[in-house]
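What follows is a set of notes on a single structure, which appears directly below.
Numbering (my numbering), first residue to last: 12 to 168.
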């Protein structure tokens, strides 16, 4: 094969090679919750989104999903003439997780409740120790006679 024929072959094959390596189009989708089933160990959430898939390869990115989702439980279904090549799970660590005002309020209330429980437990411990101290002091005094200083020093030693 001569060098000119080789160059012609490369020029003919190159556009097909570049087209095959074309990056897929990435489309962000916002889906709406359609149904929820709650189980003892988790829940099933069904979401729905309508969109048109352009010709070629397209990556569909579902946003605002729970960060606690089990990647193995994700499934995609649709109607139309398309093929789902794969389903992947990834987290966007650059985007801050948004909390609703109600969730934030409940988490703050939970922290305050935990703090008050710890305070109450500490007070109960202090009061129990104080009660024990007073009972031991009553036993030291005796019933009819008091102790001399030397006796108290002997007890304390």
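C-beta atoms are modelled at their ideal positions from N, C-alpha and C, and glycine is treated no differently.
Asked                                                                                               : Found
CB contact flag (residue 69, residue 41, <9 Å)                                                      : no
Helix, strand or coil at residue 160 according to DSSP, with G and I counted as helix               : helix
Where residue 182 falls: helix, strand or coil (DSSP)                                               : Outside the displayed range of the chain (12 to 168) lies residue 182, so it cannot be described from this structure.
Paired residues, beta bridge with residue 73 - DSSP                                                 : 40
Whole-angstrom distance between residue 165 and residue 133, CA atom to CA atom                     : 33 Å
Beta bridge counterpart(s) of residue 59 as assigned by DSSP                                        : 43
For residue 48, three-class secondary structure by DSSP                                             : strand
The region 95 to 108 / the region 72 to 87 touching (three or more Cβ pairs under 8 Å)              : yes
Residue from 53, 34, 71, 91 whose Cα sits closest to the Cα of residue 79                           : 53
Cβ-based neighbour list, residue 48, same chain, cut-off 6 Å, excluding 5 preceding and 5 following : 55
CA-to-CA distance, residue 142 to residue 148, given in whole angstroms                             : 10 Å
Opposing strand residues paired with residue 91 [DSSP bridges]                                      : Bridge partners of residue 91: none, in fact.
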